[in-house]
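K.L.:
Just passing along the structure, written as structure tokens.
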Amino acid sequence: MITLDDVTLTFPDGSSRVTAVDRVSLTGKAGVLTGITGPSGSGKSSLLAIAATLIRPDSGRVIVGDVDASTLSKDDATTLRREQIGIVFQQSNLLPSLTAREQLAVMAELGGRNARRRRRQVRSRTDELLDAVGLADHADKRPAQLSGGQRQRVAIARALVHEPEVLLVDEPTSALDQERGAAIMELIAHLTHERETATLLVTHDLVHEHLLDTLVTVVDGRIVSRTVGSDAIMDDDLAHRLTEV
Amino acid sequence: MFVAWRDLRFARGRFVLIGAVVALITLLVGFLAGLTGGLASQNVSGILELPGDRVVLQHPSSGQASFSESSISSDSVQKWRDASGVTHVLPVGIVQGKAGVHGTTTAVALFGMPHGAATSTVTDLAPRADDEIGLSAGAAKALGDATAGDTVSILGSKYRVSSVGGDAWYSHTPVIALTPDAWARADKSMGGDGSVTMLAVSGTPDWGAVATASGTVAQVPLLSLSALDAFKSEIGSLGLMIVMLFGISALVVGAFFTVWTMQRSGDVAVLKALGATTRSLRRDALGQALVVLIIGIGLGMLVVVALGTLAGGALPFLLSPLTTVAPAAAMAVLGLLGAAVALRTVTKSDPLTALGSNR
Ligand SMILES: Nc1ncnc2c1ncn2[C@@H]1O[C@H](COP(=O)(O)OP(=O)(O)O)[C@@H](O)[C@H]1O
Ligand SMILES: [Mg+2]
């Protein structure tokens, strides 16, 4: 489970500051795929970066499992990321020198304690995960030998190999065609339910809306609507803002 | 080192290139250090190996003390012998001349020294009798591999070789040892006055005071080398070349690793975002640099040692830790330093960039 509680993030912008995330509260539950959508520049990636502990919010709390990540030191946040959070980037961001299998193995080579145990665990899960993302036959290929969709599948397997509590995915289909994109979205939905991860998925493409368990829409850093199933819950005040845009 | 090893294998071509450059630079530095060392020891090993805490030379009325000009009167020698704190005074006459055997002549350095002085490569050459000489290894070789019992003529007089000893050089000429009397005669026949050139003094006297009182200067052996004209000019230019080569090596090796590491910064950002500790990233990057450096430097040094061994006969080439291990270690340190500087960009790289689409 991951909870963002009244989170605000600003960036310096010349002499003033631009508010990228504006008092957002959001909960991702285990086994639930939460979509985050909104226009470009609305703060989706910033929100995800806060959830990933890659950036600290100006105010508000980020709770991963039972840890308040907003109070952690940089090193402790790194440890939390290594152990509890899986990240899939917009680009697959694989390391060019590693084979698909090694992209997963590297998750046990990031330093920190219990290296031996992690190595054993990662090794025992690698084949099963590569199979789960449909790449059992491509385990020894390097990124250059894989298609965009296959690369994104490796990235998903990498994000799950340490069995994180939270899975964060930023526009995973932006570099893929319609068909491959749909397959990736289905894979993420499937794995979220099967592996009970609390998944936050940023997408600006709503053709896959039916795969999402809940959907929040962000405009100018604020949540303007939440949908659970087919029930739209729209804040009057926020709806007003949304129609203005 | 998980990623580092795989990077090395994956980008083999690039690393072979970097390693080859490191090897070539090591070869250059090592070879030049060996040559410089060889030249320097050919110039001065005869002086450096004399026993004594200070080398005493005549204080000239103008200019700097010089081995070729120095002439120490028996009066001054006595002042040093009498000075309190002095435990031993070894007077040495030095003059360059020619020695011949069966029609071949060669330039040599004639050292006049009493037999039985404190033992050293040089003093052990000193003969007992005035009609005897001791040859250093280089002198024996230059005189057609002369051995004990052979006759060698020096300035018209004939001497019997009493022994052939170790290597000792002075101003690029091999040392031949004579008794003090035989040396004085030889010096006079070449226009000298027969007084000794230098003293090798041991003990703990007030060096400055005794030197002033006796009209001499006392220096530690290494510093006294500046009184050797040939040494000064050689070491100046060769030293400058080596220093410049080291500077260039540092720049090239450092720049290589900086560029390489910067190229990796995107990957590093991803690893950081995935939760890699700074320590593991640092180990990865430095380990990678170290592997390339060790292989490159190792190969370069192998070639230096091979060439040095081959060149040993034909060229003055010194193979010693100072000319092999020292440059190798310096290269390794400079390379790691470059990598460490580059590392700052590694550890500073922002994991947020991994999330964006700007990759
Ligand atoms: N590192 C940054 N420095 C300054 N401003 C930033 C930075 N990252 C994002 N922003 C700003 O924050 C706002 C939200 O950006 P982002 O989270 O990337 O939006 P989205 O992912 O929805 O397109 C934008 O106005 C953007 O310009
Ligand atoms: Mg974005």
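Protein chains in written order, with the working numbering: chain U, 1 to 245; chain C, 246 to 604. In this text, a Cβ means the ideal position worked out from N, Cα and C, and glycines have one as well. This one's a predicted model, so the numbers in the text were calculated from it and none came from an experiment.
#1: Using a Cβ-Cβ cut-off of less than 8 angstroms, give me the residues of the segment 106-122 of chain U that come near chain C, in sequence order.
#2: Does C:Thr188 come out as helix, strand or coil in the three-state DSSP assignment?
#3: When you measure from the CB of U:Lys44 to every non-hydrogen atom of ligand 1, does any distance come out below 8 angstroms?
#4: For a test of your reading of the model: does the CB of U:Gln90 fall under 8 angstroms from any non-hydrogen atom of ligand 2? Yes or no.
#5: Near C:Gly532, which residues of its chain fall below 8 angstroms by C-beta distance, leaving aside the five closest residues on each side in sequence?
#6: State the Cα-Cα distance for the pair U:Glu109 and U:Asp170, rounded to the nearest angstrom.
#7: Assuming C:Asp451 is part of the beta strand (DSSP E), what are its boundary residues?
#8: Considering only residues of the same chain and omitting the five flanking positions on each side of U:Gly149, which have a CB-CB separation below 6 angstroms?
#9: From the DSSP secondary-structure annotation, give me the bridge partner or partners of C:Phe356.
#10: The segment 42-60 of chain U: which residues have C-beta closer than 8 angstroms to a C-beta of chain C, in chain order?
#11: Taking only the alpha-carbon atoms, compute the straight-line gap between C:Gly676 and C:Val570 and give it to the nearest angstrom.
#12: Is there a C-beta anywhere in chain U that falls below 9 angstroms from the one on C:Arg604?
#13: So U:Arg195 and U:Thr214 are in contact, right, with Cβ under 8 angstroms, and what is the actual spacing, rounded?
#14: Classify U:Arg116: buried if its beta carbon has 16 or more other beta carbons within 10 angstroms, exposed otherwise.
#15: Helix, strand or coil for U:Val62? Go by DSSP, reduced to three states.
#16: Kindly examine ligand 1 and report whether one of its heavy atoms sits closer than 8 angstroms to the Cβ of U:Val218.
#17: Near C:Pro596, which residues of its chain fall below 6 angstroms by C-beta distance, leaving aside the five closest residues on each side in sequence?
#18: Using 9 angstroms as the limit for Cβ to Cβ distance, is U:Arg81 near chain C?
#19: How would you label C:Pro566, buried or exposed, when you count the other beta carbons within 10 angstroms and need 16 or more for buried?
#20: For C:Ser525, which residues in chain U fall below 8 angstroms Cβ to Cβ?
#21: Using beta carbons (cut-off 9 angstroms, strictly below), is U:Arg142 in contact with chain C?
#22: Are the segment 40-59 of chain U and the segment 7-20 of chain U in contact at 8 angstroms, needing three or more beta carbon pairs?
#23: Return yes when the Cβ of U:Val216 is within less than 9 angstroms of the Cβ of U:Gly35, no when it is not.
#24: If the cut-off is 8 angstroms on Cβ atoms, which residues from the segment 575-596 of chain C count as contacting chain U, listed in chain order?
#25: Relative to ligand 2, is the shortest distance from any of its heavy atoms to the C-beta of U:Asp97 smaller than 8 angstroms?
#26: If you compare alpha carbons, which of C:Thr449, C:Ser440, C:Ser402 and C:Thr349 is closest to C:His333?
#27: Would C:Leu526 and U:Gly111 qualify as a contact pair, given that the criterion is a beta-carbon distance under 9 angstroms?
#28: Just the chain C side, please: which residues come within less than 7 angstroms of U:Thr78 by C-beta, in chain order?
#29: Grouping DSSP H, G and I as helix and E and B as strand, with all else coil, what is C:Glu314?
#30: Out of C:Leu295, C:Gln341, C:Val498 and C:Asp529, state which residue places its alpha-carbon closest to the alpha-carbon of C:Leu581.
#31: Nearest chain U C-beta to C:Val248 closer than 9 angstroms, yes or no?
#32: Does the CB of C:Val261 have a neighbour CB from chain U at under 9 angstroms?
#33: Where does C:Met443 sit, in a helix, a strand or coil, going by DSSP?
#34: Count Cβ pairs between the segment 392-400 of chain C and the segment 417-434 of chain C that sit closer than 8 angstroms; are there 3 or more?
#35: So which residues on chain U does C:Ala256 lean against when the C-beta distance must stay under 8 angstroms?
#36: Using a beta-carbon distance below 9 angstroms, is U:Glu102 in contact with chain C?
P.N.:
Well, looking at it:
#1: Correct list: Val106, Met107, Glu109, Leu110, Gly111 and Gly112.
#2: No answer is possible for residue 188 of chain C: it lies beyond the span of chain C, which begins at 246 and ends at 604.
#3: Taking the first residue of the first sequence as position 1, residue 44 of chain U is located at position 44. Yes; taking the cut-off as 8 angstroms, the Cβ of U:Lys44 has a heavy atom of ligand 1 nearer than that.
#4: As a first step, residue 90 of chain U must be located in the first sequence, where it is residue number 90. Yes, Cβ of U:Gln90 sits closer than 8 angstroms to a heavy atom of ligand 2.
#5: Working through the second sequence from its first residue, we reach residue 532 of chain C at position 287. Excluding positions up to five away in sequence, the list reads Met246 and Ala249.
#6: If you number the first sequence from 1, residue 109 of chain U lands on position 109. If you number the first sequence from 1, residue 170 of chain U lands on position 170. Cα-Cα distance, rounded: 24 angstroms.
#7: As a working mapping, residue 451 of chain C is identified with position 206 in the second sequence. Boundaries cannot be given for C:Asp451, as no beta strand (DSSP E) includes it and DSSP labels it neither H nor E.
#8: Numbered from its first residue, the first sequence carries residue 149 of chain U at position 149. Correct list, in chain order: Leu176 and Arg180.
#9: As a first step, residue 356 of chain C must be located in the second sequence, where it is residue number 111. Beta-bridge pairing by DSSP links C:Phe356 to C:Ile339 and C:Ala422.
#10: Those would be Ser45, Leu48, Ala49, Ala52, Leu54 and Ile55, in chain order.
#11: Residue 676 of chain C lies beyond the residue range present for chain C, which begins at 246 and ends at 604; the question has no answer from this structure.
#12: By one-based count along the second sequence, residue 604 of chain C stands at place 359. With a pLDDT of only 38 at C:Arg604, under 50, the local geometry of the prediction cannot be trusted, and no value is derived from it.
#13: In the first sequence, counting from the first residue as 1, residue 195 of chain U sits at position 195. In the first sequence, counting from the first residue as 1, residue 214 of chain U sits at position 214. So it is not a contact: roughly 18 angstroms between Cβ atoms.
#14: Position 116 of the first sequence, counted from the first residue, corresponds to residue 116 of chain U. Exposed, because fewer than 16 other Cβ atoms sit within 10 Å of the Cβ of U:Arg116.
#15: For this step, residue 62 of chain U is matched to residue 62 along the first sequence. Strand.
#16: Within the first sequence, numbered from 1, the residue matching residue 218 of chain U stands at position 218. In this structure, U:Val218 has its CB closer than 8 angstroms to one or more heavy atoms of ligand 1.
#17: Counted from its first residue, the second sequence places residue 596 of chain C at position 351. Apart from sequence neighbours up to five positions away, the residues of its chain that approach C:Pro596 with a beta-carbon distance below 6 angstroms are Ala514, Lys517 and Ala518, ordered along the chain.
#18: Position 81 of the first sequence holds residue 81 of chain U. For U:Arg81, the answer is yes, since a Cβ of chain C falls inside 9 angstroms of its Cβ.
#19: Indexing the second sequence from 1 puts residue 566 of chain C at position 321. It is exposed - the Cβ of C:Pro566 has fewer than 16 other Cβ atoms within 10 Å.
#20: As a first step, residue 525 of chain C must be located in the second sequence, where it is residue number 280. Proximity of chain U to C:Ser525 at the Cβ level (cut-off 8 angstroms) is accounted for by Glu109, Leu110, Gly111 and Gly112, in chain order.
#21: The sequence position of residue 142 of chain U within the first sequence is 142, counting from 1. For U:Arg142, the answer is yes, since a Cβ of chain C falls inside 9 angstroms of its Cβ.
#22: At 8 angstroms Cβ cutoff, the stretches touch.
#23: Stepping through the first sequence from its first residue, residue 35 of chain U is reached at position 35. Stepping through the first sequence from its first residue, residue 216 of chain U is reached at position 216. In terms of Cβ geometry, U:Gly35 and U:Val216 form a close pair [threshold 9 angstroms].
#24: When CB distances to chain U are screened at a threshold of 8 angstroms, the residues of the segment 575-596 of chain C falling below it are Pro596, in chain order.
#25: One-based indexing of the first sequence puts residue 97 of chain U at position 97. Reading off the sequence, residue 97 of chain U comes out as Ser, not Asp. Incorrect: U:Ser97 has no Cβ contact closer than 8 angstroms to ligand 2.
#26: The residue labelled residue 333 of chain C in the question sits at position 88 within the second sequence. With distances taken between Cα atoms, C:His333 lies closest to C:Thr449.
#27: The sequence position of residue 526 of chain C within the second sequence is 281, counting from 1. The sequence position of residue 111 of chain U within the first sequence is 111, counting from 1. For the pair C:Leu526 and U:Gly111, the CB atoms are nearer than the 9 angstroms cut-off.
#28: Position 78 of the first sequence, counting from 1, holds the residue named residue 78 of chain U. Gly520 and Thr522, listed in chain order.
#29: Here residue 314 of chain C refers to the residue found at position 69 of the second sequence. Here C:Glu314 sits in coil by DSSP.
#30: Here residue 581 of chain C corresponds to residue number 336 of the second sequence, with the count starting at 1. Considering only alpha carbons, the answer is C:Val498.
#31: Walking along the second sequence from the start, residue 248 of chain C turns up at place 3. Any Cβ of chain U closer than 9 angstroms to the Cβ of C:Val248 would place that residue at the interface, and such an atom is present.
#32: Counting from 1 along the second sequence, the entry for residue 261 of chain C is found at position 16. Against chain U, the CB of C:Val261 has no partner CB under 9 angstroms away; the residue lies outside that interface.
#33: Numbered from its first residue, the second sequence carries residue 443 of chain C at position 198. Here C:Met443 sits in strand by DSSP.
#34: Enough Cβ pairs lie closer than 8 angstroms, so yes.
#35: Residue 256 of chain C sits at position 11 when you count from the first residue of the second sequence. The contacting residues are Ser97.
#36: Here residue 102 of chain U refers to the residue found at position 102 of the first sequence. It does: the Cβ of U:Glu102 has a partner Cβ on chain C nearer than 9 angstroms.
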